[in-house]
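Comments concern the structure below.
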Amino acid sequence: MAGYQDEIKRLEEEISKTKYNKRTQSHVGLVKAKLAKLREKDEARRSGGKKGDGYTVRRSGDATVVLLGFPSVGKSTLLNALTNKESAVGAYAFTTVSVIPGMLEYNHSKIQILDVPGILQGASDGSGRGKEVLSVIRGADMVLMVVDITHPEHLDTLKDEIYKTNVRVNQHKPDVRIRKTAKNGIRVGRTVRTEQLDDETISAVLKEFKINNAEVLIREPIDVDQLIDVVEANKVYMPCVVALNKGDLVSYEKAQDVKHETRADVIISAEKRTGTEDLKRVIFEKLEFIRVYLKEPRKEPDLEEPLIMRRGCTLRTVCERLHKDFVSKFKFVRIWGPSSKFPGQKLLSLDHKIMDEDVLEIHVR
Ligand SMILES: Nc1nc2c(ncn2[C@@H]2O[C@H](COP(=O)(O)OP(=O)(O)OP(=O)(O)O)[C@@H](O)[C@H]2O)c(=O)[nH]1
Ligand SMILES: [Mg+2]
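Each residue of the sequence shown is one higher than the one before, counting from 81 in the numbering used here.
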């Protein structure tokens with residue numbers, strides 16, 4: 081069977097040829113929606129309905145970061161430079177055949193780093209072990225792209241492949257709500273102007289996804305790609321750090337030029353172990369950790385050993401982290417600190433957002 085490849089190609093070409101403006105936006109939106117649907121179908125056909133036999137790696141630590149890059153760019157060398165785990169390092173491509181974890185300890189946090197095989201263009205279509213590698217990323221908290229500084233052009237390919245795997249890096253889930261209704265067509269409400277997205281385009285996209293009646297509430301400026309992401313609801317959002325490796329192979333000036341062009345975060349040499357402290361700091365900052373202190377009734381909180389969580393987490397995440405039964409047995413919490421209205425505030429909702437340096441006294445049945 082020919083699959084949907086020809087049609088996908090045709091639509092891709094149509095989009096690249098059409099200039100995006102007020103007059104064409106609803107047409108482009110429609111074509112993009114069609115394309116997104118076809119890609120999903122194509123994916124389902126290829127995998128025969130199964131989810132790929134992705135690696136299953138036991139998560140540990142406060143967050144998990146996956147190293148993504150072309151073969152031989154120095155991922156395994158970097159894992160060794162960052163963590164306390166030895167990983168196979170070879171002077172030839174595809175030495176890594178499985179996922180190798182290491183643990184980076186930094187500022188009282190434990191960051192699990194996963195080394196996976198290198199990928200090439202076409203990985204998301206199943207070239208090499210590409211699909212399996214990319215599936216590891218979906219389960220991670222952050223992707224660390226490792227790029228050989230002498231091959232900065234690889235970066236676009238990495239970004240492309242990861243985008244096609246439905247991972248969105250360095251953007252958050254758009255603040256847009258779509259509530260299906262029984263009648264009245266598509267009604268759009270906005271709290272902000274969206275120059276890139278008019279009502280006609282929104283209707284065209286939703287109808288393509290067979291949503292004919294809905295209330296759409298747009299609370300931040302988004303484009304049509306982001307709207308499609310919200311409708312498809314299968315995207316994963318996470319931060320991404322880009323490291324240019326093998327900085328020792330080029331001059332300082334050349335390295336700075338490449339960094340500027342690629343907008344990479346850091347220049348490193350995994351082998352010479354330069355720039356790696358900078359990299360650790362960037363990883364730590366982009367993970368947006370917060371510290372949560374726990375206390376028992378009538379006792380002082382334990383300020384020595386905070387629980388490390390991520391910004392935006394809820395009380396539910398904290399409970400899940402503490403014990404498998406905490407969520408079902410949860411009664412209430414008393415909170416001191418930034419997220420409470422007053423010291424010792426009693427709250428009953430697991431959806432309460434936790435902030436850095438909150439002190440929690442959790443009561444369970
Ligand atoms: N000059 C230089 N060479 C490096 C650096 N980091 C790694 N290398 C070399 O690059 C080669 C490949 O390194 P690996 O760490 O195995 O690369 P990899 O990305 O894990 O490769 P795959 O697992 O095959 O995808 C080895 O010969 C390393 O010694 C660096 O910072 N500078
Ligand atoms: Mg390797």
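Positions of the beta carbon are idealized from the N, C-alpha and C atoms, including for glycine.
This one's a predicted model, so the numbers in the text were calculated from it and none came from an experiment.
| Query | Result |
| --- | --- |
| Span of the alpha helix (DSSP H) holding residue 92? | 85-97 |
| To which residues of the same chain is residue 338 closer than 7 Å at the C-beta, ignoring the five residues directly before and after it? | 229, 232 and 324 |
| Any contact of the segment 343-363 with the segment 374-394, i.e. 3+ C-beta pairs under 8 Å? | no |
| Excluding sequence positions up to five away, which residues of its chain have a Cβ less than 6 Å from the Cβ of residue 89? | none |
| For residue 194, is the classification buried or exposed, using 16 other Cβ atoms within 10 angstroms of its Cβ as the cut-off for buried? | buried |
| I need the boundaries of the beta strand (DSSP E) containing residue 276, first residue and last residue. | Per DSSP, residue 276 belongs to no beta strand (DSSP E) and is neither H nor E. |
| Strictly by DSSP, which residues pair up with residue 258? | 296 |
| Determine whether the beta carbon atoms of residue 260 and residue 291 lie at a separation below 9 Å. | yes |
| Report the rounded CA-to-CA distance for residue 425 versus residue 405, giving the unit in angstroms. | 23 Å |
| With burial defined as no fewer than 16 other Cβ atoms inside 10 Å of the residue's Cβ, what is the status of residue 272: buried or exposed? | exposed |
| Throw me the rounded Cβ distance for the residue 391 and residue 431 pair, which I believe falls under 8 Å. | So it is not a contact: roughly 16 Å between Cβ atoms. |
| Going by DSSP, what residue range makes up the alpha helix (DSSP H) through residue 182? | Counting along the chain, residue 182 falls outside any alpha helix (DSSP H), though it belongs to the beta strand (DSSP E) covering 180-186. |
| Can you tell me whether residue 156 is buried or exposed? The criterion is at least 16 other CB atoms within 10 Å of its CB, across all chains shown. | buried |
| Is it true that the CB of residue 427 sits closer than 9 Å to the CB of residue 414? | yes |
| Could you have a look at residue 132 and say whether DSSP puts it in helix, strand or coil? | Annotation note: pLDDT 44 at residue 132 (below 50); position unreliable, no value reported. |
| Touching or not, the segment 304-315 and the segment 211-228, by the rule of three or more beta carbon pairs under 8 Å? | no |
| Do the segment 247-261 and the segment 332-347 meet, that is, are 3 or more Cβ pairs less than 8 Å apart? | no |
| Taking all protein chains shown into account, do 16 or more other C-beta atoms lie within 10 angstroms of the C-beta of residue 334, making it buried, or fewer, making it exposed? | exposed |
| Roughly how many angstroms separate the alpha carbons of residue 190 and residue 144, rounded to a whole number? | 9 Å |
| Cα separation between residue 149 and residue 84? | 28 Å |
| Assign residue 388 to one of three DSSP states: helix, strand, or coil. | strand |
| Starting from the C-beta of residue 237, find all residues in its chain whose C-beta is less than 7 Å away, skip the five residues before and the five after it, and write them out in chain order. | 201 |
| Return the CA-CA distance between residue 98 and residue 439, expressed in angstroms with no decimal places. | 55 Å |
| Considering only their Cβ atoms, is the gap separating residue 435 from residue 370 smaller than 9 Å? | yes |
| Output yes or no for whether 9 Å exceeds the beta carbon distance between residue 284 and residue 109. | yes |
| Could you tell me if residue 129 is buried or exposed, where buried requires 16 or more neighbouring beta carbons within 10 angstroms of its beta carbon? | Here residue 129 scores only 49 on pLDDT, less than 50, and its place in the model should not be relied on; the value that follows carries that caveat. Burial call: exposed. |
| Give me the Cα-Cα distance between residue 400 and residue 185, rounded to the nearest whole angstrom. | 22 Å |
| State the Cα-Cα distance for the pair residue 96 and residue 249, rounded to the nearest angstrom. | 22 Å |
| With distances taken Cα to Cα, identify the nearest neighbour of residue 269 among 239, 242 and 300. | 300 |
| Starting from residue 240 and walking both ways along the beta strand (DSSP E), at which residues does that stretch end? | Where residue 240 is concerned, there is no enclosing beta strand (DSSP E), although the alpha helix (DSSP H) it sits in stretches over 234-244. |
| List the whole-angstrom C-beta distance separating residue 304 from residue 105, where the pair is believed to meet the contact cut-off of C-beta under 8 Å. | 7 Å |
| According to the neighbour-count rule (16 or more other Cβ atoms, all chains shown, within 10 Å of its Cβ), is residue 326 buried or exposed? | buried |
| Which ranges would you report for the beta strand (DSSP E) in the segment 318-351 if only whole runs of at least 3 residues count? | 320-325 |
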